[in-house]
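Q: Following numbering that gives the first Met the number 0, the numbering of the sequence shown begins with 0 at its first residue and continues without gaps.
Please see the structure below; I have some questions.
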Amino acid sequence: MQTMFLKVDPHQPNPRIIEIAAAMIRNGEVVAFPTETVYGVGADALSERAVGRIFAAKDRPMDNPLLLHVDSWEQAAELVYPVSDEALVLVKRFWPGPLTFVARARGEVPEIVRSGLPTVGLRMPDHQVALDLIRASGRPIAATSANKSGHPSPIKAEHVKHDLEGRISAIIDGGETGWGIESTIIDIAILRVGAVSWERLNQALPGMIVLPSTGESLGRAASAQDNLGQQLVPFAHGAVFPARLKKDLEGGRRIGMVIMTEHDLPAELDYVRFIRGGSREYARTLYDIFRAAVSHQVDVLYMEMPPEDGLGIAVADRIMKSSGDSQG
Ligand code: TXA
Ligand code: MG
């Protein structure tokens, strides 16, 4: 393979030259480019074949995941499940820049990028050439340091040439990189919400803990109730019963009800459970309730959601997962 050399001004890269490289990215080819840390070598993150070529060019073991390089937080946010406000504080503070966030990947991120991990590293480089390339190619770029596997990361285009010439389509030469060492990578996400509340974790490590939103944490534990054959209908904390309750009652279905706040209960319920002790009691009894409703032969179990704080977050997560009403 002939490797094309493209020289650009690192601060004001010529858009026509960037476009040559961007077209290669769109075409599934592999291109090396400068970032503020070290040179990266990347390809269209959404194309499995293109990403495979990065591994081949570097002789990189397939079990070593790549990082997603994006031109904005908005682009990153489409590729991962929501992160906490606290993580966003770090994004605001350090992006663009050499702080890589590990977050839970959505299905759109091909497995090859993350070597089968449920998470993926997100990075917005603080370098005009890298940003222009990502922008011009119109997609996230999966990239890694532009060295042969086992070699030091390249800080000059000559290093990249030495390691990868003949193995990739192009090298964009933007001079020496700034930092010379790779980005910091942080991974402090809650993968499954549970008994230790986010508030407690956040007290221990203020602003550092990434909280998945309801129903989007890992762990299928509570979805075991899928097999119990009853349908869950969650409704918001403090809200009136969902409209479908009337129909379910008229249709002669066996109805269960779990409530936390004051409600006028219809007489025909087959199973009722009051949660008076807040989310802590809800958490303690949730799985018991699932089973009890089954033994009462409930067809539809209406569940009032807990307030979304403390243990309520974990309870809400389990209810949403069990109701089959989440993308998690
Ligand atoms: O500054 C940088 O981060 C440079 C420039 C090019 O962006 N990139 C870079 O990529 O250093 P690489 O592939 O050489 O190093 C990324 C490291 C690897 O050790 C990889 O195993 C780790 O990040 N990594 C990638 N995805 C991960 C994940 N989901 N969880 C934990 N570690 C991950
Ligand atoms: Mg590396």
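The C-beta atom is built at its ideal place from N, Cα and C for all residues, glycine as well.
(1) At the level of alpha carbons, what is the spacing between Gly306 and Arg279?
(2) Which runs of the beta strand (DSSP E) spanning at least 3 residues fall entirely within the stretch 46–81, listed in chain order?
(3) What's the call for Pro64, buried or exposed, on a 16-neighbour Cβ count within 10 Å?
(4) Going along the chain, which residues of its own chain have a beta-carbon closer than 6 Å to the beta-carbon of Leu310, five neighbours each way excluded?
(5) How would you write the range of the beta strand (DSSP E) that Ala42 sits in, first residue to last?
(6) For the stretch 155–165 and the stretch 244–259, state whether three or more C-beta atom pairs, one from each stretch, are separated by less than 8 Å.
(7) Whole angstroms are fine: how far does the CA of Phe273 sit from the CA of Val108?
(8) Express the C-alpha separation of Val119 and Ala86 in angstroms, rounding to a whole number.
(9) Just how far apart, CA to CA, sit Leu89 and Phe100?
(10) Inspect the beta-carbon positions of Ala42 and Glu28 and report whether they are closer than 8 Å.
(11) Which runs of the beta strand (DSSP E) at least 3 residues long sit entirely within the stretch 81–155? Give them in chain order.
(12) The ligand MG heavy atoms versus the CB of Ser182: any closer than 7 Å?
(13) Among Val7, Leu244 and Gly51, whose alpha-carbon lies nearest the alpha-carbon of Met61?
(14) Could you pull out every residue in the same chain whose Cβ sits closer than 8 Å to the Cβ of His10, ignoring the five residues on either side in sequence?
(15) Please report the distance separating the alpha-carbon of Gln74 from that of Gly228.
(16) Just list the residues that DSSP pairs Glu303 with in beta bridges.
(17) In the DSSP output, what is Val30 paired with across the bridge?
(18) Would you say Val82 touches the ligand TXA, meaning its beta carbon is less than 7 Å from a heavy atom?
(19) For a quick check, are the C-beta atoms of Met123 and Ser46 less than 8 Å apart?
(20) Let me know the secondary structure DSSP gives Leu5 once reduced to three states.
(21) I'd like the list of long-range same chain contacts for Gly96, defined as Cβ closer than 6 Å, with 5 residues on each side in sequence excluded.
(22) Beta-carbon within less than 7 Å of Ile184's beta-carbon, same chain only, minus the 5 sequence neighbours each way: which residues are those?
(23) Where Arg113 and Met302 are concerned, what is the direct C-alpha to C-alpha distance, given to the nearest angstrom?
(24) Does the Cβ-Cβ distance between Val40 and Ala129 come in under 8 Å?
A: Concretely, from the data shown:
(1) Before going on, a small fix: residue 306 reads as Pro here, not Gly. Using only the alpha carbons, I get a separation of about 11 Å.
(2) 66–68
(3) buried
(4) Ser196, Ser278, Arg279 and Ala282
(5) Gly39 to Asp43
(6) no
(7) 42 Å
(8) 15 Å
(9) 9 Å
(10) yes
(11) 98–103, 118–122 and 140–144
(12) no
(13) Gly51
(14) Gln127
(15) 39 Å
(16) Phe234
(17) Gly41 and Ala169
(18) no
(19) no
(20) strand
(21) Asp125
(22) Thr99, Val101 and Gly120
(23) 37 Å
(24) no
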